[in-house]
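For reference, the structure discussed in these notes is given below.
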Amino acid sequence: MEALMVKDRLYRKIEELVQNFSEETLRDVFERKFKQVERTEKRLYEYENQQFKEVKELLKVELGSHLHLLKVYAIKTNGELSERSSKRKQFDLAKNVLRSETGLDVGLFAFYDDNGNFRLSLVYKVYKERKTGFSHYKRHTYFVKKGKPYRTFLKAIYEGDFSSLEGIISAFSTQPLTKEFYTEIQNWYAWALKHVWFPGGIPEENLIRLLTRLIFVWFLKEKGLIPEKIFDEEFLKGVV
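First residue of the sequence shown: 321, per our numbering; consecutive thereafter.
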């Protein structure tokens, strides 16, 4: 029962992070996710510039039996964040931070703006024969726009195994979540086919057309290309 209550508190904290990002909430979330964790509270002035207003180290973590050292950072940006904005520069900052400390293998970097939008990126060292590389900058990252219901992000952070580097990489991998999405679509299609009615044509083909159009319109909404109010039931009552 106590473990369930702790999990519930964790989920509420992650929801709070999505609704209203703050360094304190970020810290609270990962203090609950990690076991061997220590607060560091360090300002990294050497990385601050016109693009990155504040760079702070928040937590230090020892991971699993391999004793990977991980740190959690919060970076306030000068400009507004978007899904595409400055990914490469953010990745370069993360690499420079990891390079600066011997034994530091992994970083969780939360880039955020004044509007409450944030990007949480996992960056880690990849050891090769004679040199050290890094994970790909596009592969392990979540962009969260303030106030939107990011079920994928919530599920990944809440359910993810953060006791090892492998577990964290899995939590930041979109491939299993993509498979889950297609499974849900497939299940919905099978359910809808039993209940849907069209005035003509082949029901299976008509339903596929309807489904693809719904997904496309939802994609346009998520990208901000069409107004969200057209999905509001009260608004639609006045125009339909």
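Every residue gets a Cβ at the ideal spot worked out from N, C-alpha and C, and that includes glycine.
Should Val-443 and Phe-454 be called a contact, given that it needs their Cβ atoms to be closer than 9 Å? For the purposes of this step, residue 443 is taken as the residue at position 123 of the sequence shown. For the purposes of this step, residue 454 is taken as the residue at position 134 of the sequence shown. It is a contact, given that the beta carbons lie within the stated cut-off.
Please specify which runs of the alpha helix (DSSP H), each continuous and at least 4 residues long, are wholly inside the stretch 347–434, giving them in chain order. 407–419
I'd like the span of the alpha helix (DSSP H) that includes Gly-453, first residue to last. Residue numbering aside, residue 453 sits at position 133 when the sequence shown is read from its first letter. Counting along the chain, Gly-453 falls outside any alpha helix (DSSP H), though it belongs to the beta strand (DSSP E) covering 452–454.
With 16 as the cutoff for other CB atoms within 10 Å, does Arg-264 come out buried or exposed? It is not possible to answer for residue 264, since the shown part of the chain is limited to 321 through 560.
For Leu-513, which residues from the same chain have a beta carbon less than 8 Å from its beta carbon, with the 5 sequence-adjacent residues on both sides left out? Along the sequence shown, one-based indexing puts residue 513 at 193. Correct list, in chain order: Pro-523, Glu-524 and Leu-527.
Could you check the C-alpha separation between Pro-496 and Arg-459 for me, to the nearest Å? Position 176 of the sequence shown, counting from 1, holds the residue named residue 496. Position 139 of the sequence shown, counting from 1, holds the residue named residue 459. Since pLDDT at Pro-496 reaches only 49, below the 50 mark, its modelled position is unreliable, and the value read off the structure follows with that caveat. Distance between the alpha carbons of Pro-496 and Arg-459: 13 Å.
Would you call His-456 buried or exposed, if buried means 16 or more other Cβ atoms sit within 10 Å of its Cβ? As a first step, residue 456 is located in the sequence shown; it is residue number 136 there, counting from the start. Exposed, by the Cβ-count rule.
Using the C-alpha atoms, what's the distance from Phe-551 back to Ala-510? Translated into positions along the sequence shown, residue 510 becomes position 190. Translated into positions along the sequence shown, residue 551 becomes position 231. Cα-Cα distance, rounded: 24 Å.
Alpha carbon of Phe-411 to alpha carbon of Leu-440, nearest angstrom: Taking the sequence shown and counting its residues from 1, the one referred to as residue 411 is at position 91. Taking the sequence shown and counting its residues from 1, the one referred to as residue 440 is at position 120. Rounded to whole angstroms, Phe-411 to Leu-440 spans 11 Å at the Cα level.
Tell me, which residues are paired with Lys-445 by DSSP? Mapped onto the sequence shown, residue 445 falls at position 125. The partner list for Lys-445 (beta bridge, DSSP) reads Phe-454.
Does DSSP classify Arg-332 as helix, strand or coil? By one-based count along the sequence shown, residue 332 stands at place 12. Helix, per DSSP.
According to DSSP, simplified to helix, strand and coil, what is Arg-533? Translated into positions along the sequence shown, residue 533 becomes position 213. Arg-533 falls in the helix class under three-state DSSP.
Are the beta-carbon atoms of Leu-378 and Glu-343 separated by less than 9 Å? As a position in the sequence shown, residue 378 is number 58, starting the count at 1. As a position in the sequence shown, residue 343 is number 23, starting the count at 1. Contact: yes.
Counted within 10 angstroms of its Cβ, other Cβ atoms place Ser-376 as buried (16 or more) or exposed: Along the sequence shown, one-based indexing puts residue 376 at 56. Looking at the sequence provided, one finds Lys at residue 376 rather than Ser. Buried, by the Cβ-count rule.
Please list, in chain order, all residues of the same chain as Ala-413 whose beta carbon is under 8 Å from its beta carbon, the five residues on each side excluded. Locating residue 413 in the sequence shown gives position 93, counting from the first residue. Note on residue identity: the sequence assigns Leu, not Ala, to residue 413. Only Tyr-367, Phe-372, Val-375, Ile-395 and Phe-429 meet the Cβ criterion.
Would you mind reading off the limits of the alpha helix (DSSP H) that contains Ala-473? In the sequence shown, the residue the question calls residue 473 occupies position 153. Checking the sequence shown, residue 473 turns out to be Phe, not Ala. Where Phe-473 is concerned, the enclosing alpha helix (DSSP H) stretches over 471–479.
Under the three-state reduction of DSSP, which class applies to Val-464: helix, strand or coil? Within the sequence shown, numbered from 1, the residue matching residue 464 stands at position 144. Of the three classes helix, strand and coil, the one that applies to Val-464 here is strand, per DSSP.
Could you round the C-beta distance between Lys-391 and Leu-424 to whole angstroms and report it? I think they count as a contact, below 8 Å. As a position in the sequence shown, residue 391 is number 71, starting the count at 1. As a position in the sequence shown, residue 424 is number 104, starting the count at 1. With 8 Å as the limit, Lys-391 and Leu-424 qualify as a contact, their Cβ atoms being about 6 Å apart.
How is Leu-440 classed by DSSP in three states: helix, strand or coil? Along the sequence shown, one-based indexing puts residue 440 at 120. Residue state, collapsed to three classes: strand.
Are Leu-337 and Val-417 closer than 9 Å when you measure CB to CB? Mapped onto the sequence shown, residue 337 falls at position 17. Mapped onto the sequence shown, residue 417 falls at position 97. Taking 9 Å as the Cβ cut-off, Leu-337 and Val-417 do not qualify as a contacting pair.
Is it true that the CB of Leu-401 sits closer than 9 Å to the CB of Asn-435? Locating residue 435 in the sequence shown gives position 115, counting from the first residue. Locating residue 401 in the sequence shown gives position 81, counting from the first residue. Cβ atoms of Asn-435 and Leu-401: closer than 9 Å.
Where Ser-490 falls: helix, strand or coil (DSSP): Here residue 490 corresponds to residue number 170 of the sequence shown, with the count starting at 1. Residue state, collapsed to three classes: helix.
Quick check: the Cα distance between Gly-487 and Ala-476, rounded to an integer number of angstroms? Along the sequence shown, read from residue 1 onward, the residue named residue 487 stands at position 167. Along the sequence shown, read from residue 1 onward, the residue named residue 476 stands at position 156. Distance between the alpha carbons of Gly-487 and Ala-476: 11 Å.
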